[in-house]
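Peer 1:
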Amino acid sequence: MPARKAVLVVLLALCACSEPAGQEGKNDAGRDASVRLDASHKTDGGEDPGPPDAGTSTNPDSGTATTTITDFWANTQWPPYLTLSPGEKATVYGQIWIAGSTEKVGAAAGLEGEAGQGVPGSDPGTWTWTPARFNADKGNNDELMADLTAPAAGPREYAFRYRVPGSVWAGKDGEWLYAGLKGPTLAAGEAGVLAVRVPAAELKVATQNLHCQHDNPKARLDAIAARWATLQIDLAALQEVCEDASTGVGNSADYLAKALSAATGRKYGFLWVETHLANDVTPEGVGIVSALPLAGMATIDLVTADFPRKALLGAYASPAGMIVVATSHLSYRAEDADARLQQANQILALATEWQSGTGRPGGTHALIAGDFNTAPDTAPIQAIVSAGFTDVWTAVHPGDPGLSFPSSAPNKRIDYLLLRAATGVALSPSAATEEFGQPYSGTSYVSDHLGFVATLKAP
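Residue numbering for the sequence shown follows my numbering, beginning at 1273 and increasing consecutively.
Quick look at the structure:
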């Protein structure tokens, strides 16, 4: 199979761990991880495409070397992502439809399938492939399953491929039909993602309000990137991410990702969703920058009080296992207390759905981060803490209030990193620092908010 294009298409991955035999799910539409998400983009849409309408078809015939299969559909069905320890196995599922063949009861005559895994971004033709076996009829589709074994370290991508010896697939190269989560294609970002959990793994995370286009955005972002490069940040949750070509920055999340890539030699990508126009002029939103492989994403609209707000979530494959990260910027006015509580509960529900919601087994960590414009003892923060999240700063520095605003003379705590480890799997904060408490130049600070950086460690 030819090497895949470099474009990264992000899938809305919804699960971790293995699925009961015969599980049917949706394959939701995705988005490029390195491209802005417009506020109008619907990130959780998309149904399982299912088989195409049947037309004139050529049935596979294993005894005829020139048979062309013209009407077909296939995918990697489930799960879209998972976490395993080295050497651990999980069952993955794929489905295929071939007109006049898979509609029959039982396995289609001559059909073969394999599940493969390989380094993210590599040519699937070079992956390690394992024979798949028939599982069940799923409507007009045949469902196949195979066991994947986690390597000593990850991450990995995985997908299915199918063939009928003696036949070729119309419009496809080679005897194998490669199929990802979106259907009978396997471009970059369309495979499932495997996080391999290794002992004593560490994850460096940060949260930072970027203060939109205040002062000199380029100089401020350069100072942030230099510090984060020194700390080897794995991912950062961002607020007041703005986009303005006139500053020489463009999108500030994109700018940080490129600056970190250049400074560290690691490949950073970014997510961004626009929430509103700052001062009715500049597109502003929330974002995530990370060097970890992206397995899925989602956004939700939050209850509106002062102006439109959103939450952005990304699922990432880390050495500590899959982790979902939700970032947001809550309403700021004193009279918005009820709205902030509703917004916090919406973010909590989103993180919970992706971490271990109905039909989605555990194995995924969750991090909620951002500028919440409220104190630790208020209802919005307590709602999240009561749901099992740990205030990372307080856990590492009990008794220290962690004042974060304004940066020149902090007198309140409104910025947070809140962690909930996967069920039955330890991940805890081992260090936490406040960042950017001193001017980067003269009397200029990188932001009006201090940032937090934490080290999360697995046993």
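Even glycine gets a Cβ: it sits at the ideal position worked out from N, Cα and C.
Does the distance from the C-beta atom of V1664 to that of L1691 stay below 8 angstroms?
Peer 2: yes
Peer 1: Tell me whether the segment 1708 to 1721 and the segment 1473 to 1484 touch, counting them as touching only if at least three CB pairs, one residue from each stretch, are closer than 8 angstroms.
Peer 2: yes
Peer 1: In the DSSP assignment, what are the bridge partners of Q1480?
Peer 2: L1510
Peer 1: For the segment 1560 to 1646, which segments carrying the beta strand (DSSP E) assignment without a break, of at least 3 residues, lie completely within its bounds, in sequence order?
Peer 2: Note on the segment 1560 to 1646: whole beta strand (DSSP E) runs with a minimum of 3 residues are 1566 to 1573, 1582 to 1590, 1593 to 1601 and 1637 to 1643, in chain order.
Peer 1: My guess is that G1674 and R1685 are in contact by the Cβ rule of under 8 angstroms, so how many angstroms apart are they, rounded?
Peer 2: 5 angstroms
Peer 1: In this structure, how does DSSP classify S1439 when only helix, strand and coil are distinguished?
Peer 2: Strand.
Peer 1: Is the beta carbon of A1592 less than 8 angstroms from the beta carbon of A1567?
Peer 2: no
Peer 1: When DSSP builds the beta bridges, which residues end up paired with D1663?
Peer 2: D1663 pairs with L1690.
Peer 1: Could you tell me which residues DSSP pairs with A1698 in its beta bridges?
Peer 2: According to DSSP, A1698 bridges with nothing at all.
Peer 1: Could you tell me the distance, in whole angstroms, from the CA atom of V1465 to the CA atom of N1347?
Peer 2: When rounded, the distance between both Cα atoms is 15 angstroms.
Peer 1: From what residue to what residue does the beta strand (DSSP E) around W1738 run?
Peer 2: For the chain, the structure presents residues 1273 to 1731; residue 1738 sits outside this window and is missing.
Peer 1: Could you give the C-beta distance for L1475 and L1728, rounded to a whole number, given that I count them as a contact under 8 angstroms?
Peer 2: 4 angstroms
Peer 1: How many Å lie between A1472 and V1440 at the Cα?
Peer 2: 47 angstroms
Peer 1: Which stretch, first to last residue, makes up the beta strand (DSSP E) that contains L1449?
Peer 2: L1449 to A1451
Peer 1: Pick from Y1540, D1487 and P1580: whose alpha carbon is nearest that of W1500?
Peer 2: Considering only alpha carbons, the answer is Y1540.
Peer 1: So, is K1361 buried or exposed, given that buried needs 16 or more other C-beta atoms within 10 angstroms?
Peer 2: exposed
Peer 1: Using alpha carbons as the reference points, say which of V1575, N1683, I1496 and S1676 lies closest to S1713.
Peer 2: Looking only at V1575, N1683, I1496 and S1676, the smallest Cα-Cα distance to S1713 is reached by I1496.
Peer 1: Quick check on this structure: which residue in H1548, A1531 and T1536 has the alpha carbon closest to the alpha carbon of E1754?
Peer 2: An answer regarding residue 1754 cannot be provided, because it is not within the stretch 1273 to 1731 covered by the chain.
Peer 1: Nearest to S1562 by alpha carbon, out of L1620, S1590 and A1698?
Peer 2: S1590
Peer 1: Within the same chain, show all residues whose beta-carbon is closer than 7 angstroms to that of S1232, passing over the 5 residues directly before and after it, in chain order.
Peer 2: Here the chain covers residues 1273 to 1731 and nothing more, so residue 1232 does not appear.
Peer 1: Quick test of your reading: A1638 and V1575, contact by CB under 8 angstroms. State the CB separation rounded to the nearest angstrom.
Peer 2: Wrong, their Cβ atoms sit about 21 angstroms apart, outside the cutoff.
Peer 1: On the DSSP bridge assignment, give the partners of T1402 in chain order.
Peer 2: A1387
Peer 1: Following the continuous alpha helix (DSSP H) through Q1654, name the residue where it begins and the one where it ends.
Peer 2: A1651 to S1658
Peer 1: Touching or not, the segment 1440 to 1449 and the segment 1693 to 1712, by the rule of three or more beta carbon pairs under 8 angstroms?
Peer 2: no
Peer 1: May I ask you to report which of helix, strand or coil DSSP gives A1472?
Peer 2: Secondary structure of A1472 (DSSP, three-state): coil.
Peer 1: At the level of alpha carbons, what is the spacing between G1359 and Y1353?
Peer 2: 17 angstroms
Peer 1: Could you tell me whether the segment 1422 to 1434 touches the segment 1390 to 1405, using the rule of 3 or more Cβ pairs below 8 angstroms?
Peer 2: yes
Peer 1: Tell me the DSSP secondary structure of S1716 in three-state form.
Peer 2: strand
Peer 1: Taking A1371 as part of the beta strand (DSSP E), name the residues at either end of that continuous run.
Peer 2: Careful: A1371 lies outside any beta strand (DSSP E) and carries neither H nor E.
Peer 1: Would L1383 and V1436 be called neighbours here (beta carbons separated by less than 8 angstroms)?
Peer 2: Yes; because the gap between Cβ atoms is below 8 angstroms, this pair is in contact.
Peer 1: Alpha carbon to alpha carbon, how far is G1635 from S1394?
Peer 2: 26 angstroms
Peer 1: Can you check DSSP and say which residues form a bridge with E1415?
Peer 2: Q1367 and A1408
Peer 1: Can the beta-carbon of A1641 be found less than 8 angstroms from the beta-carbon of Y1688?
Peer 2: yes
Peer 1: On a Cα-Cα basis, can you pick out the residue from E1625, N1645, A1598 and T1624 that is closest to D1610?
Peer 2: Comparing alpha carbon positions, the residue from E1625, N1645, A1598 and T1624 closest to D1610 is N1645.
Peer 1: Is Y1527 helix, strand or coil by DSSP?
Peer 2: Helix.
Peer 1: So Y1540 is in the beta strand (DSSP E); what residue range does that whole segment cover?
Peer 2: For Y1540, there is no enclosing beta strand (DSSP E), as DSSP marks it with neither H nor E.
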